Every structure is written in C-alpha cells, then in structure tokens.
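One structure below.
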Amino acid sequence: MDKRILVTRSSMPPMEEYFEMIKPLWESHWLTNMGKYHRQLEGKLKEYLGVNQISLTVNGHMALELAIQSMRFPKGSEVITTPYTFISTTHAIIRNDLVPVFCDIKDDFTIDENKIEELITENTVAIVPVHVYGNPCNVDRIQEIAYKYGLKVIYDAAHAFGETYNGRGIGTYGDMSTFSFHATKVFNTIEGGAVCCNTKDEYEQLYNLKNFGIRSEELIVSIGANAKMNEFQAAMGLCNLKHIDEELTKRKDAVKLYREKLSGVKNIIINMYKENMTPNYAYFPLLFSCEKKRDLVYENLMEHGIFSRKYFYPITSDAACFKNKYKSVNVNKARDFAKRVLVLPLYSGLEEEEIVKISDLILEVLEK
Ligand code: T4K
C-alpha cells in the first residue's frame, strides 16, 4: 500500500452527473441568489431530514452564526456550550458578541446535561450543544432544562446529517439545529450548510440574515450579511443526495470492519451508538487509555502514510486566541478526552485492506 490515506476523502458523484446538472447554468447564467437548484435542494432536504423548515447557507459555520444571530440575544449574554468541538462552535457564539460558558462532557463526548444547571446565571440565554461525531446529546433533558429556565437551544448538528433519534430527524430538536455540508462531511455541497427551524417566520428571518435583508429591488427590511449557497454548491448537493444511501452503506461496512478488528482490544474504547438512533457513520473516534499510547499510534500510522486526526484537540476553551479569557470552569473530562482521542480514516472509498492495515498498525503499537 503506497498511497497516502487521509482522515477522510470527499464523496463526489460521477463526473458526468455533475456536468449534466451544471450545464444549464451556461444557458441561464443564474449562478446564485436563491436559484432553481437552491430551491430544489431546500425542498429535497426538508423531506430527507424530516424537518419543518430548512434554510441553506454558504457553509456550516455561517449556518450556526446566523441561527444564533436570529435569536437577537442582548450583547454580553451567556451561552452554555461544550468545549469538545471544532472551533467553529465557539467562534459562532463569540462573533455574536455573546459569552461562552463551557460545560464538561460525558463518556459519549457530548455535553454533560447534569452539569448544565449549575452554570446557569441570570445572564444565561441559550444552550449550544453539539452532536459531536454524530452522537446525539441528551435532547430530552436539555429541553427540560431549557423550558425550566426559559432558554433557547441551538444544536450544532454539523456531524449528524441524516441521523434520526427516537424516531425523529435529528434536525428537529431544539429551537434550531445547524448542519455542515463541507467537503469532509457525510453529505457535501463542496462548502455549505443549513439551519433547520420550526416556523415560516424563523425561515424568513434567516433568509434576511443571509441575503442583506433584501426582499425586493426596493425593499430592504433588515440588516443582514451575505451567506447564501450558490447554484454550483446546490447542484453538487442534489447529485450527492442521489447517492446518499450507497454512501451510508459503505461507511457502515467500514465501521463494522474496524469494530471487528478492534473490539475488545485492551487500552482502547470504541465509540458506541445509542440504541434508539440511526447513525450516519461520520467519524470513527478511538479513546486510548493514555496520551502516550494515542500519540504512538498516531505516529506509527503517519510513518505508514496514514493520517489520523486528533479531533478535537485542544478543546476550544484552551484555544490560543482566547485561553483564560472566559470563565474558567471544570472541563477536565473534555480536556482529558481530547488528549486521548484519535479519529481514524473513514470514508466511503476506504478499502477493506486499508482498514485491516490501519487496525493492524494500531494493534502493533498496543501489543508492544
Ligand atoms: N461545527 C462543527 C462541530 C464542525 O465540526 C464544523 C466543521 C463546523 C461547525 C463548521 O462547518 P463548516 O463551516 O466547515 O461547514 C475540517 C473541516 O474543514 C470542517 O468542516 C470540519 N468541521 C472539521 C471537523 O474538519 P480541518 O481543518 O480538519 O480540514 P482539513 O483541510 O485538514 O481536511 C481534513 C481532511 O479532509 C484532509 O486531510 C483530506 C480531506 N479533504 C479535505 C478537503 C478540504 C478532502 O477530501 N477534500 C477536501 O476538499 O477541518
């Protein structure tokens, strides 16, 4: 095996399919601003994800940033969130002039719902949990807390595309949920994202936020940015959506093989799926018994041209740009897990022999 294996590889539709889809754009010259493909993809995703409303955006980060912005929280309000995530989640809160209050995680890497209440103050306005690696948060308990204290819940569901939990599309939980359709995700529109919401009113607000508040040539109803998904992105989404079942099946098979090879091995814990969910097999994280073992495996894989990733190290509260800037709370478990976790390569084109090789290289280190 001499080719490099990266942590993931973008899924792409057959080239001809995409070319056929984008050809008419040379006729219409309509490339963006809620064109035909944008509208079609919104319709198809609404159905596929089982959500009430969906608004497409230029990327997953802007989806989250606009979802939070649409709630119009007073400047300086506090938002309880997890530090065990991609930096985007925390940036989206801070870029809205809000203050992140970091809550620790539990064994499934998601926010520890039992630690949320103690962090609530009179300035708390919302909870921004993350279905990290596609592991659903304890949505019922989080909703109970939100009702009790009058808080909004915005889920960062960047990793959870297409999942269901307790028979409902994952995007239906909370006041809003946001997805990422980045090139590295289970479903991609090259770059892209979406906000799922419940009412037409919320949808219209998000529309204004992503399109300068422009409603017609002469009517600008509110202040907004430009965060629209363009037609080339939407066309990629329409093509990739046709192949989503095949994508998920291949990922499922890859995960099954990893599990067969690595289950019961000393010094690692494999991420488990909850019973009442349909997973999307977005990531394959392994939790090692100590940082040293994790690093030895990371290096051994790298020496063989295999690039696993330490998602999510460092935790966002320790990011150099705002270390010690926000309330220091106990996020020891998140910090500890971040030092011991390794995400293995996983994508639909990953071959069986590659999974076997990766697993064997891990075992080689652990059995030393
Ligand atoms: N919230 C959460 C919880 C998130 O995880 C993310 C994004 C967001 C919000 C924000 O959503 P977006 O605004 O990104 O839509 C990657 C992705 O760029 C990022 O989308 C993702 N999370 C994060 C977890 O991973 P990097 O810095 O690791 O990407 P990079 O360039 O190192 O790529 C990783 C691997 O993916 C490469 O080794 C090869 C493969 N790859 C990459 C690209 C760019 C491809 O196969 N094709 C490509 O085009 O952040």
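In the working numbering, the protein residues as written are 1 to 368. No residue lacks a Cβ here, since even glycine has one placed at the ideal position from N, Cα and C. None of the values given here were measured: they were computed from a predicted structure.
Collapsed DSSP secondary structure at P136 in the structure displayed: coil
Beta-carbon proximity list for I269, same chain, < 6 Å, skipping 5 on both sides: L287
C-alpha gap between I362 and V297, whole angstroms: 6 Å
Close Cβ partners of Y84 (< 7 Å) along its chain, the five nearest in sequence each way excluded: I105, F109, V132, F312, I315, A334, F337 and A338
S88: CB within 6 Å of a non-hydrogen atom of the ligand T4K: yes
Delimiting residues of the alpha helix (DSSP H) encompassing D104: Segment: none, D104 is in no alpha helix (DSSP H) and carries neither H nor E.
Unbroken alpha helix (DSSP H) run spanning D175, endpoints: No alpha helix (DSSP H) holds D175; DSSP gives it neither H nor E.
Host alpha helix (DSSP H) of K152 (start-end): It is not in any alpha helix (DSSP H) - K152 instead sits in the beta strand (DSSP E) that spans K152 to D156.
Residues bridged to E78 (per DSSP): V99 and T124
M176, buried or exposed, once every other Cβ within 10 Å from all chains shown has been counted against 16: buried
C-alpha gap between R455 and L262, whole angstroms: Beyond the ends of the chain as shown, which are 1 and 368, falls residue 455; an answer cannot be given.
Any non-hydrogen atom of the ligand T4K within 6 Å of S180 CB: yes
Reduced DSSP category for G35 - H, G, I as helix; E, B as strand; rest coil: coil
N59 Cβ short of 6 Å to the ligand T4K heavy atom set: yes
Same chain, Cβ closer than 6 Å to M236, neighbours up to 5 away in sequence not counted: T189 and I190
heavy atom of the ligand T4K below 6 Å from L209 C-beta: no
Residue of L98, H182 and E65 minimising C-alpha distance to F73: L98
S359 Cβ short of 6 Å to the ligand T4K heavy atom set: no
The ligand T4K heavy atom lying under 6 Å from the CB of L6: yes
Helix, strand or coil at F181 [DSSP, three-state]: coil
Below-7 Å beta-carbon distance, K44 vs any chain D residue: Absent here is chain D; the protein component of the structure consists of one chain.
Beta-carbon proximity of N444 to L366, cut-off 7 Å: No information on residue 444 is available, as it lies outside the stretch 1 to 368 that the chain covers here.
The ligand T4K heavy atom lying under 6 Å from the CB of D108: no
6 Å CB neighbourhood of I120 in its chain, flanking five on each side removed: Y149
Anticipated Cβ contact below 8 Å, Q40 with L209, distance rounded: Going by Cβ atoms, the distance from Q40 to L209 rounds to 22 Å, so no, they are not a contact pair.
Beta-bridge partners of P285, as assigned by DSSP: V343
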